[in-house]
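Participant: Take 14 as the starting number for the sequence shown in this note's numbering and just add one per residue.
Glycine residues also receive a C-beta, built at the ideal position from the N, C-alpha and C atoms.
Can you read through this structure? Questions will come right after.
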Amino acid sequence: MGLPGGGKSTVGRQLARRLGARFLDADIVLEERIGMPIRAYFEQHGEVAFRDLEEQVIDELTREGGEPLVLATGGGSVLRPANRACLHERTTVIYLRSTPEELYRRLRHDTQRPLLQVADPLAKLRELYEQRHPLYDEVAHYRVDTGRPSVSTLVNMIMMQMDMAGLLPAMGHDAAVSPDPAP
Ligand code: S3P
14 MGLPGGGKST VGRQLARRLG ARFLDADIVL EERIGMPIRA YFEQHGEVAF RDLEEQVIDE
74 LTREGGEPLV LATGGGSVLR PANRACLHER TTVIYLRSTP EELYRRLRHD TQRPLLQVAD
134 PLAKLRELYE QRHPLYDEVA HYRVDTGRPS VSTLVNMIMM QMDMAGLLPA MGHDAAVSPD
194 PAP
């Protein structure tokens with residue numbers, strides 16, 4: 014988890030590949046369900062309706078018994094206490110921590126994220142950081158700074174933290190923590 018633009022989907026997809034796990038992006042699952050882009054759904058039904066659906070999808074996707082899964086969650090999912098409890102208790106949460114300035118560089122031309130379609134997106138990102146950073150930090154089991162490292166370095170950093178915590182053997186990683194990720 015982490016703020017929008019921090020690389021959750023890209024890092025998550027590569028982490029899943031390295032772990033031999035399935036990857037799902039909760040936003041994409043949601044878009045398939047509502048049959049329209051999130052931005053359009055926000056405009057037509059409002060943020061509360063979106064958050065209700067998001068909570069439902071996160072609850073479903075984190076139920077036990079499924080195959081190993083890496084799940085990327087929308088940046089705002091941390092706002093609901095039910096999501097925070099569910100993610101912290103049922104999953105291993107990795108917080109991709111990014112500064113508002115770094116995110117602004119990546120997202121200044123974004124047209125898809127409803128919360129950033131404002132006159133001053135940098136101010137909005139700073140506000141989101143102030144509000145959400147403590148929540149991400151509270152829910153996370155592991156944290157990595159996204160600043161300079163490449164995606165594969167970030168994935169290595171995450172895997173090393175998980176390996177040190179003894180989480181990888183159960184996921185069948187064998188030689189997964191190698192300096193050279195699979196292409
Ligand atoms: C949101 C982030 C988006 C998406 C929705 C709301 C938010 O996901 O869920 O637009 O509140 O920060 P990403 O973090 O993947 O952009």
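Between GLY15 and LEU109, how many whole angstroms is the CB-CB distance? I'm expecting something under 8 Å.
Facilitator: As a first step, residue 15 is located in the sequence shown; it is residue number 2 there, counting from the start. As a first step, residue 109 is located in the sequence shown; it is residue number 96 there, counting from the start. Going by Cβ atoms, the distance from GLY15 to LEU109 rounds to 4 Å, so yes, they are a contact pair.
Participant: Look up ILE107 in the DSSP assignment and give the residues it is bridged to.
Facilitator: Start at 1 with the first residue of the sequence shown, and residue 107 comes out as number 94. When beta bridges are read from the DSSP output, ILE107 appears opposite TYR155.
Participant: So is the beta-carbon of PRO81 under 7 Å away from any non-hydrogen atom of ligand 1?
Facilitator: Position 68 of the sequence shown, counting from 1, holds the residue named residue 81. Not under cutoff, so the answer is no.
Participant: Please report the distance separating the alpha-carbon of ALA39 from that of GLY18.
Facilitator: Residue 39 sits at position 26 when you count from the first residue of the sequence shown. Residue 18 sits at position 5 when you count from the first residue of the sequence shown. Roughly 15 Å between the two C-alpha positions.
Participant: Do you know offhand how far GLY78's Cα is from PRO134's?
Facilitator: Along the sequence shown, one-based indexing puts residue 78 at 65. Along the sequence shown, one-based indexing puts residue 134 at 121. GLY78 and PRO134: Cα-Cα distance of roughly 40 Å.
Participant: Determine the burial state of THR159: buried for a count of at least 16 other Cβ atoms within 10 Å of its Cβ, exposed for fewer.
Facilitator: Numbered from 1 along the sequence shown, position 146 holds the residue referred to as residue 159. The residue in question, THR159, is buried, as its Cβ has 16 or more Cβ neighbours within 10 Å.
Participant: Within its chain, find whatever has a CB closer than 6 Å to the CB of THR104; leave out the 5 residues flanking it on each side and keep chain order.
Facilitator: Looking up residue 104 in the sequence shown gives position 91. Here the set comprises THR75.
Participant: Which residues share a DSSP beta bridge with LEU84?
Facilitator: Mapped onto the sequence shown, residue 84 falls at position 71. Paired residue(s): LEU37.
Participant: Can you give me the Cβ contacts of ARG64 inside the same chain, cut-off strictly under 8 Å, excluding the 5 residues immediately before and after it?
Facilitator: Counting from one through the sequence shown, the residue named residue 64 turns up at place 51. So the qualifying residues of the chain are GLY89, LEU92 and ARG93.
Participant: So GLY59 is in the alpha helix (DSSP H); what residue range does that whole segment cover?
Facilitator: Residue 59 sits at position 46 when you count from the first residue of the sequence shown. Taken as a continuous stretch (DSSP letters only), GLY59 belongs to no alpha helix (DSSP H), as it is neither H nor E.
Participant: Going by alpha carbons, who is nearest to THR23 out of LEU43, GLN57 and VAL83?
Facilitator: Here residue 23 is taken as the residue at index 10 of the sequence shown, counted from 1. Comparing Cα positions, the closest option is VAL83.
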